[in-house]
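Chemist: When you line the first sequence up against the working numbering, it's residues 236 to 806, in that order.
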Amino acid sequence: MGSTYEILAERLARSFDRLAPGTDPVLRTSERADFQANGVMALAKTLGRPPRDVAAEIAAMNDLDGVATVEVAGPGFLNIVLEPAFLAAQLGALVGDERLGLARAASPKTVVIDYSAPNVAKEMHIGHLRSTVIGDALARTERLAGNRVIARNHVGDWGTPFGMLIEYLLDLGEDRAIAELSIGDLNTFYQGARTAFDADEAFRSRSRARVVLLQGGDAETRRLWHILVDQSVAYFSQVYAKLDVTLTPEDVVGESYYNDALEGVVADLDALGLLEESDGARCVFPPGFTNRDGERLPLIVQKRDEGFGYAATDLAAVRDRVGRLGANEMLYVVGAPQAQHFAMVFAVARAAGWLPDAVRCEHVAFGSILGPDRKMYKTRSGETVKLVDLLDEAIERAYEALVERGTDLEDEPRHELATQIARAAIKYADLSTERQRDYVFDLNRMLAFEGDTGPYLQYAHARLRSILRRAGDVDLGAATFSLDNAPSRDLALGLLGWPDAVASMLEGAAPHRLCTYLFDLAQRLTAFYEACPVLSAEGAVRVERLALCELAARTLALGLDALGIAAPERM
RNA sequence: GCGGCUGUAGCUCAGCGGAUUAGAGCAUCGGUCUACGGAACCGAGGGUCGGGGGUUCGAAUCCCUCCAGCCGCACCA
């Protein structure tokens, strides 16, 4: 059994198929009915018949009997209203269903999601927020849908800066360096290295020599490098824990992982005849890309100095993910400025046969986080904002808000609740706008407990839990759904839309669609409360209303969880 | 110059394959109810959907063009 939408779509398709096989009924939710089908217009055109006639013919086919009634409206729309018995049955099926009607993928896909990607020995800052939050929401939702998710945290753990960082580590002394890194003071460490590099010629030449040793596989150098990597990964894990992000150290597969595969990438591209030498660099020129002079634009896989560019690494990663991991789908949650780079990498990978057409491969691009001045978000002194500082400030404000509201909690649980609210505020603000847009970071708005915010949705959930607690033990399985008033019917329809909201989010790698759904559900909920007293109702009506509350609470909790947002029992 | 993204109400944003009267939230104004959690609900005002053109019975949505902002355009990832 599919979602209510799927049942309708399937039945309508039967009708449409009789007139022209394969016609899309264009089924949508409607303001004038429960659903509407707009596909008659296009169908009538191909048939060369008046739309209303075609609509009437389809309505008369009775494929929706027992499910919904159909009326022809306007120039030829089909307005569809669910039969009360069908609606009640659909809803009843949700009561005992942990997944609330969300089907588990029949043939699970292997989805590789590349996200977060901080740099070793560098602080995680606000620039990492979107990739981390969006990627994690996609990962959680793909898992919920029953797919196999392989998260890849493509950390920057290789390249020329590591000569400098290792030399600086030696100058500090291993113990002191570890002490500094382990407390998460990555900025101080990195800037110390940078300062030494800029000021001291001898340090610079040591650094260069160290890069050569590192690339040559010198054991001691590799050991030192590992210290940097391990300390950083441990620190990242702390940040992820604070953000409640599911990434683990096992998901860290940095750039260095692909080092051994890079020569093979170049050799195979060469063997395929795709490689050209240009200005001493070895390049592929995928068709359709030009530079500012209108000349062909290269994807440089090997630089003039024999070093490999990140294009080579990304190509090696594609091969690894498709070939070894068996990816059916790959999502790269990386900022929009990289769009051209990924378009070229994917084009080359397709041309080389490393990326079959059947594998969905998408750059999940996102816009920038802006400050109040609508420029890239920075501190007053012009520095990038540390992720932990951002979160701490939000937690502090949420805590104060709880104090002000007189929330009756001990200090410890209150702090935990404040943390959950703060995460919700920041994540929801990030996830709820269409991801390609830039957005202005405004803690005041994010933390507001009213309007389209994370805390508001948490509150909507907590209210429901409160009602359900007060109701005590009630057998909701015995609920019969009369849905005899508009607000409860609207709520029911909202609940039935859950599987479609998830599908829609995944289809577009668009978390904001799920956000929109949850907010809409919360609004249906408030309308329902007003019209339908729950606890003071009696008999079957009370059970029905309690069941609606319970379904709504679980839908909110499951949806928020898919977004990486906790749904506390009380607020 | 070429390419990408963005442009919808005072502000922040939805609008998913074209479809009936363009929707929310915040803010503003006016109401409701002795509140199952008022962190509520209802209503109102407020929009040349950046401009122009085209396709169509019908365009915020598709096509073209122009404008504005941001970003990218060969060896740093």
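Even glycine gets a Cβ: it sits at the ideal position worked out from N, Cα and C.
This one's a predicted model, so the numbers in the text were calculated from it and none came from an experiment.
1) Is DSSP giving C596 helix, strand or coil here?
2) Going by C-alpha distance, which of I401, F312, G508 is nearest R287?
3) What would DSSP say about V737, mapped onto helix, strand or coil?
4) Is the beta carbon of T395 closer than 9 Å to that of V446?
5) When you compare only the Cα positions, how much space is there between E647 and T654?
6) Using DSSP with H/G/I as helix, E/B as strand and the rest coil, what is A386?
7) What residues match up with F270 in a beta bridge as DSSP calls it?
8) When burial is assigned at 16 or more other CB atoms within 10 Å of the CB, is M565 buried or exposed?
9) As a quick exercise: from R680, A766, K477, F601, pick the residue whose alpha carbon is nearest that of E651.
10) Can you check the segment 624-703 for any alpha helix (DSSP H) of at least 4 residues that lies completely inside it and give the ranges in chain order?
11) Is the beta carbon of I361 sitting closer than 9 Å to the one on T619?
12) Using 8 Å for Cβ pairs, my map puts A352 next to F424. What's the rounded Cβ distance?
13) Leaving aside the five residues before and after K538 along the sequence, list all residues of the same chain whose C-beta is less than 7 Å from its C-beta, in chain order.
14) In this structure, how does DSSP classify G807 when only helix, strand and coil are distinguished?
15) Helix, strand or coil: how does DSSP classify C784 here?
16) Which ranges does the alpha helix (DSSP H) cover as unbroken runs of at least 4 residues, wholly within the segment 236-261, from first to last along the chain?
17) Who are the Cβ neighbours of A496 in its own chain at under 8 Å, not counting the five residues just before and after it?
18) Looking at C-alpha atoms only, which residue of F763, E635, L798, E804 is the closest neighbour of A782?
19) Use the C-beta contact count for T715: other C-beta atoms within 10 angstroms, 16 or more gives buried, fewer gives exposed.
20) Which whole-angstrom value describes the C-beta separation of I462 and L404, a residue pair presumed to lie in contact below a C-beta threshold of 8 Å?
21) Could you give the uninterrupted runs of the beta strand (DSSP E) lying entirely in the segment 367-453, keeping only those of 3 residues or more?
22) Tell me the start and end of each unbroken alpha helix (DSSP H) in the segment 701-769 that is at least 4 residues and wholly inside, in chain order.
23) Buried or exposed: L770, going by 16 or more other Cβ atoms within 10 Å of its Cβ?
24) Less than 8 Å between the CB atoms is what I'm expecting for S238 and P768, so what's the real figure, rounded?
25) Does the distance from the CB of R632 to the CB of T642 come in under 9 Å?
26) Which residues share a DSSP beta bridge with L590?
27) Assign A840 to one of two classes, buried (16 or more other C-beta atoms within 10 Å of its C-beta) or exposed (fewer than that).
28) Measure the alpha-carbon distance for R705 versus R698 and round it to whole angstroms.
Modeler: Let me spell this out:
1) Looking at C596 - three-state DSSP - the assignment turns out to be strand.
2) F312
3) helix
4) Yes, the Cβ-Cβ distance between V446 and T395 is below 9 Å.
5) 11 Å
6) strand
7) T264, I315
8) That one is buried.
9) Nearest option by C-alpha distance: K477.
10) 646-666, 678-682
11) yes
12) Contact flag wrong, Cβ pair sits at about 19 Å.
13) A516, G544
14) Absent from the structure is residue 807, since the part of the chain shown begins at 236 and ends at 806.
15) helix
16) 239-254
17) A551, R554, D555
18) F763 is the residue among F763, E635, L798, E804 whose C-alpha sits nearest the C-alpha of A782.
19) exposed
20) Going by Cβ atoms, the distance from I462 to L404 rounds to 7 Å, so yes, they are a contact pair.
21) Complete beta strand (DSSP E) runs here, min 3: 383-387.
22) 721-731, 733-743, 746-766
23) exposed
24) Going by Cβ atoms, the distance from S238 to P768 rounds to 30 Å, so no, they are not a contact pair.
25) Against a cut-off of 9 Å, the Cβ pair of T642 and R632 comes out as no contact.
26) DSSP output for L590 lists no bridge partner at all.
27) Past the edges of the chain, shown from 236 to 806, lies residue 840, and the structure says nothing about it.
28) 11 Å
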